[in-house]
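Below you'll find the structure, written out as structure tokens, and then a few comments.
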Amino acid sequence: MYSFNDIDSDTLSSILGWVSIACWIVVYSPQIYANYTLQSGEGLSLVFVYVWLLGDITNMTGAILAGLLPTIIILGLYYTLCDIILLVQVYYYRKKATRSLAFEGVESEETPLLPNSANNQIKNDMTSVKGLALRYAGALIFVVVTGVLAWWIGSNIEMEEKLPKRHSLFMVWAIQILGWTSAICYLGSRIPQIIKNFGTRCEGLAPALFFFSILGNATYSLSICVKSMEKEYLVTNASWLAGSALTIFLDLVVLSQFSYFRYIALKRVVWILPAENIPQRES
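All the letters of the sequence shown, read from the start, carry residue numbers 1 to 283 under UniProt numbering.
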């Protein structure tokens, strides 16, 4: 039976791997919920989701060819399903909005660009920074505890040890090509989202999606490096390491965009609210 006193490099790598899995299980939830709440998926770039979907499919295919554990393959199917849910939301709410416009007619020139509900949301955001920080801290604790608990349960279950599966040279190259394709997709998917954010100012985008992505990729990269720093091992896992580590930088760019546009919006409200309370001079 394993205990926390038996932690070595392999054990620490396993714990980090489980924490990473916990992050990826919840990573889609904030955006799916945000789309449902807003009844819109326009905050997401369709190219971003499609390319991410391609990355998940190639990653899952590589896992199948490599003969990885069924749990890893099931997770790959779960990621693919979540990508499809995001796409369905975008198209469904877009079609729903088109129907609404057809019934309600074209907006007039007097229609405010920013609805009152949105203004109220921005006002509420001014006092929600502390609450947001607490939610993120709670989410961080949750995924870490869940990951460690999953490792502990798994390590104490008697399982038959299997020898690593030997692959032909062709299969090794096929797995590597799929791995690098997946890495390129994960990296490339962020670019259209970053570009779209300049137009949407990150409205409708759930920052928690990228927060958990950063945490999941960071723990996954660490799980590889902690296990071994031998050249052959790192070269074999280079595609997965590159896909995870380099994506962190682009996810940080997205979070920086979100923080910047949030700051600009709050600054705008600080200037507008006092003006709204000034009594107008009678003519």
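Think of the CB as a built atom: it goes at the ideal place given N, C-alpha and C, for glycine as much as any other residue.
Which residues in the same chain as residue i place their Cβ atom closer than 6 Å to its Cβ, once the five residues preceding and following it in sequence are excluded?
i, result
"residue 285", "Residue 285 lies beyond the stretch modelled for the chain, which goes from 1 to 283, so this question has no answer here."
"residue 193", "45, 48"
"residue 31", "206, 209"
"residue 93", "39, 40, 41"
"residue 149", "none"
CB-CB under 7 Å to residue i, same chain, minus the five flanking residues each way: which ones, in chain order?
i, result
"residue 60", "73, 76, 77, 80"
"residue 151", "14, 15, 18"
"residue 64", "73"
"residue 171", "65"
Excluding five sequence neighbours on each side, which residues of the same chain lie with their C-beta closer than 8 Å to the C-beta of residue i?
i, result
"residue 200", "42, 43"
"residue 52", "83, 185, 186, 189"
"residue 255", "207, 210, 211, 214"
Out of curiosity, what's the CA-to-CA distance linking residue i and residue j?
i, j, result
"residue 248", "residue 230", "23 Å"
"residue 240", "residue 227", "14 Å"
"residue 196", "residue 258", "12 Å"
"residue 213", "residue 33", "16 Å"
"residue 234", "residue 37", "43 Å"
"residue 242", "residue 218", "11 Å"
"residue 25", "residue 144", "12 Å"
"residue 116", "residue 245", "The pLDDT assigned to residue 116 is 47, lower than 50, so where the model puts this residue is not dependable; a value taken from the coordinates is nonetheless given after this. About 41 Å."
"residue 136", "residue 146", "15 Å"
"residue 90", "residue 28", "14 Å"
Would you kindly check if the distance between the Cβ of residue j and the Cβ of residue i is under 7 Å?
i, j, result
"residue 55", "residue 185", "yes"
"residue 23", "residue 205", "no"
"residue 222", "residue 16", "yes"
"residue 20", "residue 263", "no"
"residue 58", "residue 178", "yes"
Practice problem: For the stretch 17-99, list the alpha helix (DSSP H) runs that are entirely contained and at least 4 residues long, ordered along the chain. | Solution: For the stretch 17-99, whole alpha helix (DSSP H) runs of length 4 or above, ordered along the chain, are 29-38, 46-66.
Exercise. Report the residue ranges of all alpha helix (DSSP H) runs contained in full by the stretch 188-257; include only those spanning at least 4 residues, in chain order.
Key: The qualifying runs are 207-227, 231-236.
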